[in-house]
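Engineer: In the working numbering, the protein residues as written are 15 to 441. The C-beta atom is built at its ideal place from N, Cα and C for all residues, glycine as well. Take this structure first; my questions come after.
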């Protein structure tokens, strides 16, 4: 029998297509979604889920799982883990009277809610109603949204309607309150209702995550303004003839360091913002919405409200790039000028050294001439004493003539000897 060798990631990759499945939600139902932002420590998030499962007598989650779904009677618990956030969705099926007064959170242990790790970034309540039992938009706004202006549209190819005001409404569990959604199931059915609600929750989650970079971008805009002013001042000083290039170069390098710090502080967050905003646009497209008379749809609201924020983030990135380019050009120009100045100083130093060497050579030659004369004088004097001693011994010799003849011979020998010694030292 033929035995095939599977790829080690085959099962993981195949199961990825079935990760985070949509819930099937029959109407009516109450839902609560909590998105918890955390600092990459997913161990505490997994521990919190395991604790909740134990409290509600649910099956224990797998240690490595990134999503979890379990039912405790009419309560469904859904959990998903992402790179920097975890999301809980609690679905409570059945009839109700005031969905935002008694929510799915009432079925959870308060001690567990108090110990949830991370910070709450998104908290929303949603209600799924049968379309036939629903009120008019004005009645819905007055009853559940404080009479405020609603955002909404038909969703799911017209099979349902979704309303919200994207405001935070009071709730005793969270000082800032919860967002609210009302979804009408006209012809969606449980499966499509589950998909539409999950997309609405993801739009809210990714919208908030995308906006996390906005405060950073606004703060950096002010800092970039300051750095631009400093760079202009340095550039003007570079054009003055009495500028101290070395000091200017140090200040430019400090400015470049600060610019790189700004980029490192914002690069990840702004890159994540672009990815999250892309997900917002994709999820809005998946709503397949159509306009309701007199009401702003989701895509229009998000485009008008989020596009300026995304534009601010893009502007910060462009300004960072322009600033670093200008700093690089200014630094390169000034460094070139400093290097040219150093080369000129080095050439002047070498020329001065050459002049000193020539002077030393001339002095050496003069000293050599004197040395030859002195040595010749002493050697001839010694030779004269030797010749006189030979004459005194009885040898017939003209000492004056012999001494005179010896002078040029000794001088030539001394000169030759000095040259040989100097040449030997030179090598």
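#1: Assess, as a yes-or-no matter, whether the stretch 218–228 is touched by the stretch 317–330 under the definition of 3 or more beta carbon pairs within less than 8 Å.
#2: What residues in its chain sit with their C-beta under 8 Å from that of residue 302, if we drop five residues either side in the sequence?
#3: Which term fits residue 39, buried or exposed, when burial requires 16 or more other beta carbons within 10 angstroms of its beta carbon?
#4: Compare the C-alpha of residue 341 against each of 17, 363, 272 and 317 and name the closest.
#5: Going by the CB atoms, is the gap between residue 92 and residue 37 shorter than 8 Å?
#6: Check whether the Cβ atoms of residue 280 and residue 234 lie closer than 8 Å to each other.
#7: How big is the Cα-Cα spacing for residue 351 and residue 263?
#8: Can you tell me the Cα-Cα spacing of residue 286 and residue 305, whole angstroms?
#9: By the DSSP assignment, the beta strand (DSSP E) with residue 178 in it spans what residues?
#10: Starting from the C-beta of residue 316, find all residues in its chain whose C-beta is less than 8 Å away, skip the five residues before and the five after it, and write them out in chain order.
#11: Quick one: Cα of residue 242 to Cα of residue 58, how far?
#12: Considering only their Cβ atoms, is the gap separating residue 180 from residue 193 smaller than 8 Å?
#13: Which runs of the beta strand (DSSP E) at least 3 residues long sit entirely within the stretch 218–286? Give them in chain order.
#14: Compute the Euclidean distance between the alpha carbons of residue 108 and residue 115, then round it to the nearest angstrom.
#15: If we count the other Cβ atoms within 10 Å of its Cβ and call it buried at 16 or more, is residue 206 buried or exposed?
#16: Taking the alpha-carbon positions, what's the residue 134 to residue 160 distance?
#17: Would you report the Cα separation of residue 370 and residue 399, rounded to the nearest angstrom?
#18: Have a look at residue 66 and residue 126 and give me their C-alpha separation to the nearest angstrom.
#19: State the DSSP-derived secondary structure class of residue 49, mapped to helix, strand or coil.
#20: What are the boundary residues of the alpha helix (DSSP H) that includes residue 67?
#21: Please name the residue, chosen from 427, 404 and 274, that lies closest to residue 416 on a Cα-to-Cα basis.
#22: Measuring alpha carbon to alpha carbon, tell me which of 421, 70 and 83 ends up nearest residue 392.
#23: Let me check one thing: in DSSP terms, what residues is residue 166 bridge-paired to?
#24: Just to confirm my understanding: we take residue 14, look at its own chain, exclude 5 residues before and 5 after, and list those with CB closer than 6 Å. What are they?
#25: With DSSP as the reference, identify every bridge partner of residue 101, one or two as the case may be.
#26: Between residue 89 and the rest of its own chain, which residues show a CB-CB distance below 6 Å, the 5 nearest in sequence each way excluded?
#27: To the nearest angstrom, report how far apart residue 64 and residue 238 are at their CA atoms.
#28: Please classify residue 215: does DSSP put it in a helix, a strand, or coil?
#29: I need the straight-line Cα distance from residue 182 to residue 191, nearest angstrom please.
#30: If you follow the beta strand (DSSP E) that residue 86 is in, where does it begin and where does it stop?
#31: With 16 other CB atoms within 10 Å as the buried threshold, where does residue 356 fall?
#32: So, for residue 204: in the same chain, excluding its five sequence neighbours on each side, which residues have a beta-carbon less than 6 Å away from its beta-carbon?
#33: Measuring only the C-alpha atoms, how far is residue 53 from residue 348?
Structural biologist: This is what the structure gives:
#1: The stretch 218–228 and the stretch 317–330 touch, with three or more beta-carbon pairs separated by less than 8 Å.
#2: Translated into the one-based positions of the chain shown, residue 302 becomes position 288. Same-chain partners within the cutoff: 169, 170 and 171.
#3: To locate residue 39, count along the chain shown from 1; it is residue 25. Taking all protein chains in view, the Cβ of residue 39 is crowded by 16 or more other Cβ atoms within 10 Å, so the residue is classified as buried.
#4: Start at 1 with the first residue of the chain shown, and residue 341 comes out as number 327. Residue nearest to residue 341 within the set 17, 363, 272 and 317 is 272 (criterion: CA-CA distance).
#5: Reading the chain shown from its first residue, position 23 is the one you call residue 37. Reading the chain shown from its first residue, position 78 is the one you call residue 92. Annotated as proximal: residue 37 and residue 92, with beta-carbon spacing under 8 Å.
#6: Within the chain shown, residue 280 is the residue found at index 266, counting from 1. Within the chain shown, residue 234 is the residue found at index 220, counting from 1. Contact: yes.
#7: In the chain shown, counting from the first residue as 1, residue 351 sits at position 337. In the chain shown, counting from the first residue as 1, residue 263 sits at position 249. Rounded to the nearest angstrom, the two C-alpha atoms are 10 Å apart.
#8: Numbered from its first residue, the chain shown carries residue 286 at position 272. Numbered from its first residue, the chain shown carries residue 305 at position 291. Computed Cα separation, rounded: 30 Å.
#9: Here residue 178 is taken as the residue at index 164 of the chain shown, counted from 1. Note, residue 178: beta strand (DSSP E), 174–178.
#10: As a working mapping, residue 316 is identified with position 302 in the chain shown. Here residue 316 has 217, 221, 294, 295 and 298 as same chain residues with Cβ atoms under 8 Å from its own Cβ, once five neighbours each way along the sequence are excluded.
#11: Here residue 242 corresponds to residue number 228 of the chain shown, with the count starting at 1. Here residue 58 corresponds to residue number 44 of the chain shown, with the count starting at 1. Just so you know, the alpha carbons of residue 242 and residue 58 end up roughly 44 Å apart.
#12: Along the chain shown, read from residue 1 onward, the residue named residue 193 stands at position 179. Along the chain shown, read from residue 1 onward, the residue named residue 180 stands at position 166. Taking C-beta atoms as the reference points, residue 193 and residue 180 count as a pair closer than 8 Å.
#13: Runs of the beta strand (DSSP E) inside the stretch 218–286: none found.
#14: As a position in the chain shown, residue 108 is number 94, starting the count at 1. As a position in the chain shown, residue 115 is number 101, starting the count at 1. About 15 Å.
#15: Counting from one through the chain shown, the residue named residue 206 turns up at place 192. Counting the other Cβ atoms within 10 Å of the Cβ of residue 206 gives 16 or more, which makes it buried.
#16: Taking the chain shown and counting its residues from 1, one reaches residue 134 at position 120. Taking the chain shown and counting its residues from 1, one reaches residue 160 at position 146. In a straight line, the C-alpha of residue 134 is about 24 Å away from that of residue 160.
#17: What you label residue 370 is simply residue 356 of the chain shown in a count that begins at 1. What you label residue 399 is simply residue 385 of the chain shown in a count that begins at 1. Residue 370 and residue 399 have their C-alpha atoms roughly 43 Å apart.
#18: As a working note, residue 66 is residue 52 in the chain shown. As a working note, residue 126 is residue 112 in the chain shown. For residue 66 and residue 126, the gap between their C-alpha atoms comes out near 7 Å.
#19: Taking the chain shown and counting its residues from 1, the one referred to as residue 49 is at position 35. Here DSSP, grouped into helix, strand and coil, assigns residue 49 to strand.
#20: The residue labelled residue 67 in the question sits at position 53 within the chain shown. Residues 56–69.
#21: As a first step, residue 416 must be located in the chain shown, where it is residue number 402. Nearest of 427, 404 and 274 to residue 416, Cα basis: 404.
#22: Looking up residue 392 in the chain shown gives position 378. Comparing Cα-Cα distances from residue 392 to each of 421, 70 and 83, the minimum goes to 421.
#23: Counting from one through the chain shown, the residue named residue 166 turns up at place 152. DSSP lists 177 as the bridge partner or partners of residue 166.
#24: Residue 14 is absent from the model: the chain starts at 15 and stops at 441.
#25: Looking up residue 101 in the chain shown gives position 87. Beta-bridge pairing links residue 101 to 49 and 94.
#26: For the purposes of this step, residue 89 is taken as the residue at position 75 of the chain shown. Same-chain partners within the cutoff: 106 and 121.
#27: Against the chain shown, residue 64 aligns to sequence position 50. Against the chain shown, residue 238 aligns to sequence position 224. Approximately 46 Å, taken between the alpha carbons.
#28: Taking the chain shown and counting its residues from 1, one reaches residue 215 at position 201. Here residue 215 sits in helix by DSSP.
#29: Working through the chain shown from its first residue, we reach residue 182 at position 168. Working through the chain shown from its first residue, we reach residue 191 at position 177. The straight-line gap from Cα to Cα measures roughly 5 Å.
#30: Residue 86 sits at position 72 when you count from the first residue of the chain shown. In the DSSP assignment, residue 86 falls within the beta strand (DSSP E) that extends over 81–86.
#31: The residue you call residue 356 lines up with position 342 of the chain shown. Of the other Cβ atoms in all chains shown, fewer than 16 fall within 10 Å of the Cβ of residue 356; this residue is therefore exposed.
#32: Taking the first residue of the chain shown as 1, we reach residue 204 at position 190. Answer for residue 204: 38, 39 and 40, listed in chain order.
#33: In the chain shown, the residue the question calls residue 53 occupies position 39. In the chain shown, the residue the question calls residue 348 occupies position 334. Distance between the alpha carbons of residue 53 and residue 348: 43 Å.
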